[in-house]
Structure formats: structure tokens, C-alpha cells
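> The numbering used here numbers the first residue of the sequence shown as 51 and each following residue consecutively.
The C-beta atom is built at its ideal place from N, Cα and C for all residues, glycine as well.
Shown below is the structure under consideration.
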Amino acid sequence: MMVKYFYKLIIVLTSFIVTQSLMAESFDPSKPIVKRIDEGIYQYFHQFYNSLIIIGSEGVIVTDPSGAERASVMREEIRKLTNKPVIKVIYSHDHYDHTRGGQIFQKEGAEFIAHKKAVELLKRDPYQQVVLPNKTYTDKLRITSGNKVVVLIYMGPNDGDAMSVIYLPKEKILFAVDFHLPRYVNEPYRLTAHNYGGIYQTMKRIRKELSFETVISGHTLESSPDLFEEDFRFVEALYNAVLKGLKSGKSTKELKQSVKLPDFKHWQGYEKNLPGHVERMAYTIWHGN
Ligand SMILES: [Zn+2]
């Protein structure tokens with residue numbers, strides 16, 4: 051998402067999170083939350099962005115700096131966990147709000163890793179605040195630090211064109227950034243980058259090919275395999291309802307009025323934002339992305 055929408059997002063996500071009762075009353079988005087997931091593996095949640103911190107014997111692997119200030123606080127939090135250097139930074143995808151701010155890790159010699167398609171897009175950052183990747187891949191990449199293993203899998207365009215599905219096979223952890231946002235019908239202005247057909251295909255592939263017990267999203271403190279499954283059911287129900295309507299000869303304008311998905315009416319933004327998602331899904335179906 052665009053940086054200028056960051057504060058709007060904070061307000062939206064705050065109400066979402068409070069609504070879902072997922073956090074303690076004392077929650078403060080400016081303070082980092084470091085949550086242990088497994089031996090040497092942590093979820094770092096700060097300013098409504100998630101990163102993984104993976105501590106292996108050769109050094110630390112992190113994902114998504116998400117801004118210089120956030121990266122600097124994350125570096126301090128890592129120092130509380132280990133004296134090892136940060137040796138690898140993984141970009142989940144190309145969007146600048148996730149990729150800017152990695153200079154602090156570049157200074158200590160970290161390697162920057164992303165999907166091949168991200169490089170050209172990252173070069174276009176008008177503020178030039180992204181450290182460009184020096185390692186890329188096409189289909190699949192295995193990254194290690196000692197016995198810690200992270201696998202990046204390219205499953206095609208979904209939210210943007212250069213998304214890596216990030217998977218820790220030993221610990222069965224799935225890091226699903228931006229193509230998964232639990233129980234939230236997000237703001238329509240964000241849907242231009244939302245390739246709904248690609249998201250549907252990516253989620254189908256993940257369900258078929260990966261076994262996971264922990265799910266971390268890009269922007270919420272809590273997710274889970276059940277919440278991921280609920281998200282998939284939403285995308286599938288939306289696809290089926292819009293496809294059926296288009297096949298019956300209805301216009302996108304009519305479908306924005308008539309398509310309802312009552313199973314998901316408890317989701318944040320359902321009433322206000324569903325018509326925008328119907329329109330985006332209709333575009334995906336008749337246009338092809
Ligand atoms: Zn995002």
C-alpha cells in the first residue's frame with residue numbers, strides 16, 4: 051500500500067483489531083511486539099507490519115524492513131535476542147512500504163533477497179530508499195542459516211507481480227503477506243494492486259502444496275490456519291458469485307448492488323467495502339488479471 055495511506059490504514063486496522071478482540075487493551079502500535087513462534091524464530095509486529103526474525107548458527111535472517119525507523123527498532127530488538135549479525139534480508143514483495151529502510155542491515159553486510167521480477171520495480175522507487183536485492187530467484191529458493199531453512203516460492207502475480215510465498219518447512223510456518231489479510235474486506239483504493247484471479251490461484255496452490263500450523267499475515271498480530279482458510283473461502287465465494295452473475299448477463303454495476311456474502315458479514319469493512327471487491331473481481335474475470 052502507499053505510504054500516504056499509512057495513517058488511514060492505522061485507523062482502519064486499529065478498529066479492526068479492537069473489534070476482533072485480538073489484542074490487550076494496552077496495545078500501542080508504535081511499540082514493537084516480539085512473539086516467539088519456535089526455537090530461534092520470532093514474529094516482529096510493529097507499526098502494523100509483520101517481519102520474521104530467524105536466528106540460525108550463521109546469523110540472523112529477517113523479512114521486510116518496512117521503513118528505516120521500524121528497521122532501526124527491529125535491529126535493537128534483535129540485539130536483545132542474539133549477538134549474531136543480520137546476514138540476510140528477504141523482501142516478501144516489491145511494494146515500497148515493505149521494502150524501504152534496509153540500509154541498517156546493508157551496513158552490517160546483509161545480503162538482500164527477492165523475486166527476480168521485484169528488481170526492476172524496486173529501482174523505480176522515486177525516493178530511492180530501497181536497498182536493491184543482490185540475490186534473486188525465479189521459481190523457488192532455499193535460504194539457510196545453520197539448521198534454519200526458509201523457502202521462497204513464486205506462485206505468480208497476486209498482490210503485485212513479485213510476491214514470494216515464504217515458508218519454513220521444518221516448523222510449518224507460512225508467512226503470507228498482503229494476499230492474505232484475515233477477516234478484513236480491505237479498502238477499495240488498495241485493490242488496484244490486488245490481482246484477484248492470481249490471489250485465488252495462489253491460495254489454492256498453498257492449500258494443496260504446503261502443510262502449515264502457523265500463519266503470519268503482513269499486517270495483523272494474529273492469523274492462523276483457520277483464518278487463512280476462512281480468507282480462502284471468502285475469495286472463492288466472491289469469485290463464484292461474481293462469475294455466476296456475469297454469466298447470467300448482469301452488469302458489474304448490478305452485481306455491486308446484488309452480490310452479498312452473508313457468511314462474512316462479521317468481517318471488518320464488509321458493508322462499506324464489499325461492492326468495491328465485487329467490481330475488482332468482475333474486472334479480474336472479464337479482463338483476466
Ligand atoms: Zn502490505
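1) Which class does lysine 294 belong to by DSSP, given the choice of helix, strand or coil?
2) Write down the C-beta distance between threonine 273 and serine 267 rounded to the nearest angstrom, noting that I regard them as a contact closer than 8 angstroms.
3) Does the Cβ of glutamine 93 have 16 or more other Cβ atoms within 10 Å, making it buried, or fewer, making it exposed?
4) I'd like to know if the region 217-224 and the region 143-156 are in contact, where contact means that at least 3 CB-CB pairs between them fall below 8 angstroms.
5) Taking Cβ positions, are isoleucine 163 and valine 139 nearer each other than 8 angstroms?
6) Name the DSSP bridge partner or partners of histidine 96?
7) Buried or exposed for aspartate 209, going by 16 or more other Cβ atoms inside 10 Å?
8) Can you tell me which of Pro135, Ala212, Lys306 and Thr149 puts its alpha carbon nearest to the alpha carbon of glutamate 119?
9) Please report the distance separating the alpha-carbon of asparagine 100 from that of glutamate 286.
10) Between the Cα of serine 142 and the Cα atoms of Glu280, Ser301 and Val227, which residue gives the shortest distance?
11) What distance in whole Å lies between the Cβ atoms of glycine 117 and lysine 134, which are believed to be in contact at a cut-off of 8 angstroms?
12) Determine, using beta carbons only, whether valine 215 and isoleucine 249 come nearer to each other than 8 angstroms.
13) Can you tell me whether glycine 326 is buried or exposed, with buried defined as 16 or more other CB within 10 angstroms of its CB?
14) Is the closest heavy atom of ligand 1 to the C-beta of aspartate 147 under 7 angstroms?
15) Rounded to whole angstroms, what's the CA-CA distance from tyrosine 333 to tyrosine 320? Just pull it up for me.
16) Can you pull the DSSP bridge partners for phenylalanine 162?
17) For lysine 315, which residues of its own chain have a beta-carbon under 8 angstroms away from its beta-carbon, when the five flanking residues on both sides are left out?
18) Could you tell me if asparagine 323 is buried or exposed, where buried requires 16 or more neighbouring beta carbons within 10 angstroms of its beta carbon?
19) Going straight from the alpha carbon of glutamine 307 to that of leucine 293, what length do you get?
20) Considering only their Cβ atoms, is the gap separating lysine 185 from isoleucine 203 smaller than 8 angstroms?
21) Confirm the yes/no value for this check: CB of histidine 96, any heavy atom of ligand 1, distance under 7 angstroms.
Well, looking at it:
1) Note: lysine 294 maps to helix in three-state DSSP.
2) Looking at the sequence itself, residue 273 is serine, so the reference to threonine does not match. At roughly 4 angstroms, the Cβ-Cβ gap stays under 8 angstroms, so serine 273 and serine 267 are in contact.
3) Answer is buried; the Cβ neighbour count reaches 16.
4) The region 143-156 and the region 217-224 do not touch, with fewer than three beta-carbon pairs separated by less than 8 angstroms.
5) In this structure, valine 139 lies closer than 8 angstroms to isoleucine 163 by Cβ.
6) According to DSSP, which records beta bridges pairwise, histidine 96 is partnered with Tyr99.
7) Within a 10 Å sphere around the beta-carbon of aspartate 209 sit 16 or more other beta-carbons, which makes this residue buried.
8) Distances from the CA of glutamate 119 to each of Pro135, Ala212, Lys306 and Thr149 were compared; the closest alpha carbon is that of Thr149.
9) C-alpha separation (whole angstroms): 26 angstroms.
10) Distance from the Cα of serine 142 is smallest, within the candidate group Glu280, Ser301 and Val227, for Val227.
11) Between glycine 117 and lysine 134 the Cβ distance is about 23 angstroms, and since that is not below 8 angstroms, they are no contact.
12) Their beta carbons are not under 8 angstroms apart, which means valine 215 does not touch isoleucine 249 by this criterion.
13) Glycine 326 is buried by the Cβ-count criterion.
14) The answer is yes for aspartate 147.
15) The alpha-carbon atoms of tyrosine 333 and tyrosine 320 are separated by roughly 19 angstroms.
16) In DSSP, phenylalanine 162 forms a bridge with Val139.
17) The answer, listed in chain order, is Glu321.
18) Here asparagine 323 is buried, its C-beta having at least 16 other C-beta atoms within 10 Å.
19) Each residue's Cα considered, the two are about 15 angstroms apart.
20) Note that the C-beta distance between isoleucine 203 and lysine 185 is not below 8 angstroms.
21) The answer is no for histidine 96.
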